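Protein chains: 2
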Amino acid sequence: MNIHPVDTESLNATDKRDRILDAALSAFAERGFHGTPVPMIAERAKVGAGTIYRYFESKEALVNALYRRSKLALLDKVSLDFPADRPPRQQWGHIFRCTLDFAVNSPEAFDFLEMHHHAAYLDDESRALEARVWVTVQQILATSRLLQLTRNEDSMLLISLVWGGVIRLVRCAREGLVELSPSVVERFENLCWESIRA
Amino acid sequence: MNIHPVDTESLNATDKRDRILDAALSAFAERGFHGTPVPMIAERAKVGAGTIYRYFESKEALVNALYRRSKLALLDKVSLDFPADRPPRQQWGHIFRCTLDFAVNSPEAFDFLEMHHHAAYLDDESRALEARVWVTVQQILATSRLLQLTRNEDSMLLISLVWGGVIRLVRCAREGLVELSPSVVERFENLCWESIRA
DNA sequence: GTTAACAGAATGAATGTTCACTCCGTTTCT
DNA sequence: AGAAACGGAGTGAACATTCATTCTGTTAAC
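Chains as they are written, first to last, in the numbering used here: chain L, 34 to 231; chain A, 34 to 231.
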């Protein structure tokens, strides 16, 4: 018997859907897709196991919804206030800081997005989103290359080096091998830029 | 009683053990640890499911044995003919080429080693091996820094950038976004070196 | 204003499936 | 022949998913 009044706000459907997504994110980021039982997600979300199936058709539909939510969260962060009319150096700085911000403030989402084996269960919509992001980044780099501000090198190689480096930096920070102090962040941003600039 | 050598016997056994490890590697690299049923490994290795338990105590013991075998394969490759008495530039080239060689010739082992979620099931022995490799790399970089041949920067940052970049390059190649031609390999090797040298 | 009836969201025990691992009859060695 | 290795059906546990039921907020009746 619950003698306290029920908070009707918290029973809002959107809110519950988000609770399930949040719970799934923390579980997947920690244990992977196959390593996470649906009932565990239900427990973390504090809902019945059956409730999850009111919001998502299947475990696979859930992980896809989560993937898109996470990817869009990062994409939106970068897109907001993107300095489209400033020099590539500033554009790079913006992307870099947004990404690190995201990694620090939403570590589970960042880890989840960088996990392997997404390919095995991602649906067409998720893959389309992935491709969209990729094309955007390449366009930015192509532009700065035309301006001769970055190296005259295959953009895939430059992106690989810098993006791989950022991901690795975050992982090292996660493992306590590096502290992401403002100084370290700034130095790494410069290090990356030095490695791709003309 | 048995006056015959047991060579044949043990060779067969070793061979079968390797078949199981090979099968596990291809399955784990493709589907992850939790996503791979033991009977699937047995089928790929063309042995009975029970036979696996003659060679490995559990699925977890199997993945640990596999992890160490894969890690040591890369480590041995780098250690063999390591140009310890040549300049850091050549040492880097050696590490880089060995790693790419490994990624190209043993793609499953490379992918498997770079997967997330090893932490969840790796035992002490596996983690000790991991640490050993890490320390070795840091020592090499520390030396070249003393010689003022690489940037006077936190070695963790330099390693993050370069190692992260290599991993990302391999993944891009895997996805068909880059072709690992000799020219690309050489250019990326130089790109990495440029990014860390003094 | 109070109560009864209703709609549909939520639940968690039940279901059928799949898993890691075992056991024992068969095969392969010496 | 005897021993060791093997295979794969068998086993209980854990899984994803379902569904009969409960709960809750809203409305209708008086």
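Heads up, the beta-carbon is just placed ideally off N, CA and C, and yes, glycines get one too.
This structure is a prediction, so every number in the text was calculated from the model and none was measured.
Thinking C-beta only, is residue j closer than 8 Å to residue i?
i	j	result
L/Q171	L/S188	yes
L/I229	L/T183	yes
A/T132	A/V217	no
A/L224	L/L107	no
A/I85	A/V96	no
A/W196	L/R201	yes
A/A62	A/D144	yes
A/H149	L/H149	yes
A/H127	A/P120	no
Identify, in the order they occur along the chain, each residue of the same chain with its Cβ nearer than 6 Å to the Cβ of residue i, setting aside the five sequence neighbours on each side.
i	result
A/C205	V211
L/L180	none
A/E129	The identity of residue 129 of chain A in the sequence shown is Phe, whereas the question assumes Glu. Result list for A/F129: E222, in chain order.
L/T69	A60, F61
A/D156	N97
L/V203	A136
L/L213	A206
Would residue i count as contacting chain L if we go by Cβ distances under 8 Å?
i	result
A/G126	no
A/V137	no
A/N35	Because the pLDDT at A/N35 is just 36, under 50, the model does not fix this residue reliably, and the point stays unresolved.
A/R57	In the sequence as displayed, the identity of residue 57 of chain A is Ala instead of Arg. So, not an interface residue.
Which chain A residues are close to residue i, counting only those with a beta carbon under 7 Å from its beta carbon?
i	result
L/S188	Those within 7 Å of L/S188 in chain A number zero; the least Cβ separation is about 10 Å.
L/M148	H149
Residues in its own chain within less than 8 Å of residue i by CB, not counting five upstream and five downstream?
i	result
A/K110	C131, D134, F135
A/N185	R178, A231
L/A82	V71, P72, A75
Shorter than 8 Å from the beta carbon of residue i to some beta carbon of chain A?
i	result
L/G209	no
L/T41	Any reading at L/T41 is ruled out, since the residue's pLDDT is 37, under 50, leaving its predicted position unreliable.
L/R130	no
L/V217	yes
L/A164	no
L/S214	no
Along chain L, in chain order, which residues have C-beta atoms closer than 7 Å to that of residue i?
i	result
A/H67	G65, H67, G68
A/E227	S228
Quick one: what's got a C-beta closer than 7 Å to residue i's C-beta in the same chain, skipping five residues either side?
i	result
A/R77	A56, S59, A60
L/W226	R122, W125
L/H151	Y100
Mind pulling the chain L residues with CB within less than 9 Å of residue i?
i	result
A/R220	E186, D187, L190
Relative to the alpha-carbon of residue i, which residue among the options has its alpha-carbon at the smallest distance?
i	options	result
A/E147	A/T47, A/G65, A/D48	A/G65
L/A47	L/Y88, L/R207, L/R220, L/K79	The amino acid at residue 47 of chain L is misidentified as Ala; the sequence shows Thr. Considering only alpha carbons, the answer is L/Y88.
A/N138	A/S103, A/R178, A/E158	A/S103
A/E208	A/S112, A/A161, A/P140	A/P140
L/E93	L/P120, L/Y154, L/H149, L/A62	L/Y154
A/S159	A/A75, A/Y100, A/E90	A/Y100
A/W174	A/A152, A/G83, A/Q124, A/D114	In the sequence as presented, Trp is not what sits at residue 174 of chain A; that position holds Leu. When each option's Cα is compared against that of A/L174, the closest is A/Q124.
A/L54	A/E227, A/D157, A/A142, A/V203	A/A142
A/S112	A/A231, A/A161, A/T169	A/T169
A/D51	A/E186, A/L162, A/E227, A/A98	A/A98
L/L162	L/L105, L/H151, L/M73, L/P215	L/L105
A/V80	A/E90, A/K49, A/S91	A/K49
Residue i versus chain A: which residues are under 8 Å apart at the beta carbon?
i	result
L/I200	G197, R201
L/L231	It should be noted that the sequence gives Ala, not Leu, for residue 231 of chain L. Those within 8 Å of L/A231 in chain A number zero; the least Cβ separation is about 12 Å.
Using a C-beta to C-beta distance shorter than 9 Å, which residues of chain A count as neighbours of residue i?
i	result
L/L194	L194, V195, G197, G198, V199, R201, L202, F221, L224, C225, S228
L/A6	Only positions 34 to 231 of chain L appear in this structure, which leaves residue 6 of chain L out of reach.
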